[in-house]
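Position 104, counted from 1, in the sequence shown is what the numbering used here calls 1417; the numbers after and before it change by one each time, with no gaps.
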Amino acid sequence: MPSLLGLHRFNEADPGAAEEALLACCGSHRWALRLTAHRPYPDIEALLAAASEASYDLRPADLAEALADESWMPQPLLGMRAPGSQAAHTALRAAHAAYEARFGHVFVVCLDGIEPEEMLDTVLTSVRTRLANDPDEERLIAADELRRIALTRLEHLVASAAARSGN
């Protein structure tokens, strides 16, 4: 669990610095402003609950802004080095391109709890499955995946603030 000192530093940060840090977690300015404005948070659970609630309250334009800030593959997939990975990489690029063409934004999926060697298959299966969704259904799924990603990033942000302080 992240240190309260990290949370304390987040709570005490200049509003502009807090907003900038939050934008690294979720690219919606409205989301970041809302979380910044509601500081201080008594504990990490309260911060994560507020972040989750703010994610559910994103308007379509806010969601589009946040999705536009995401890269198509923010972290390396370790399975890309396995035998046959070049073909999988090509299939993944094609699936991402098809997804972007269909839905107008990058594909997002939270990989928390997925073993590194399973990530490539998980992403490829997820993108192929979700290509069959209608746009409204996919918008809801993408919003929830983005929420989960933002919560993970936020937890790491507060934890890394504690690590930099030496505690």
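In this text, a Cβ means the ideal position worked out from N, Cα and C, and glycines have one as well.
It should be emphasised that the depicted structure is a prediction, and the values quoted were computed from it without experimental measurement.
Backbone secondary structure at Asp1370 - three-state DSSP | coil
Using 7 Å as the cut-off, classify the Cβ of Pro1355 as near or not near the heavy atoms of the ligand ZN, replying yes or no.
-> The ligand ZN is absent from the structure shown, which contains no ligand whatsoever.
Would you kindly check if the distance between the Cβ of Val1422 and the Cβ of Leu1380 is under 8 Å?
-> no
In whole angstroms, what separates the C-alpha of Ala1463 from that of Ala1400?
-> 30 Å
Just how far apart, CA to CA, sit Ser1368 and Glu1428?
-> 26 Å
Does DSSP put Pro1387 in a helix, in a strand, or in coil?
-> With a pLDDT of only 44 at Pro1387, under 50, the local geometry of the prediction cannot be trusted, and the value read off the model is given with reservation. The answer is coil: DSSP assigns Pro1387 none of H, G, I, E or B.
Between the C-alpha atoms of Asn1446 and Phe1416, what's the straight-line distance to the nearest angstrom?
-> Their Cα atoms are separated by approximately 10 Å.
Inter-residue Cα distance where the pair is Ala1331 and Arg1452 | 28 Å
Report the rounded CA-to-CA distance for Leu1459 versus Val1436, giving the unit in angstroms.
-> Their Cα atoms are separated by approximately 14 Å.
List the whole-angstrom C-beta distance separating Leu1444 from Ala1411, where the pair is believed to meet the contact cut-off of C-beta under 8 Å.
-> Yes, Leu1444 and Ala1411 are in contact; Cβ-Cβ is about 6 Å, under 8 Å.
Rounded straight-line distance, which links the Cα of Ala1345 to that of Leu1335 | One alpha carbon belongs to Leu1335, the other to Ala1345, and they sit about 5 Å apart.
Residues near Ala1326 in its chain [Cβ-Cβ closer than 6 Å; skip 5 each side] | none
Near Pro1448, what residues of its chain come up, given a Cβ to Cβ distance below 7 Å and the 5 sequence neighbours on each side ignored?
-> The answer, listed in chain order, is Phe1416.
In its own chain, which residues sit with a C-beta less than 6 Å from the C-beta of Arg1347, not counting the 5 before and 5 after it?
-> Ala1367
Given a cut-off of 8 Å, decide if Leu1371 and Ala1456 are closer than it, judged by their beta-carbon atoms.
-> yes
Under three-state DSSP, which class holds Asn1324?
-> helix
7 Å Cβ shell around Pro1353 - same chain, five flanking residues per side excluded = Asn1324
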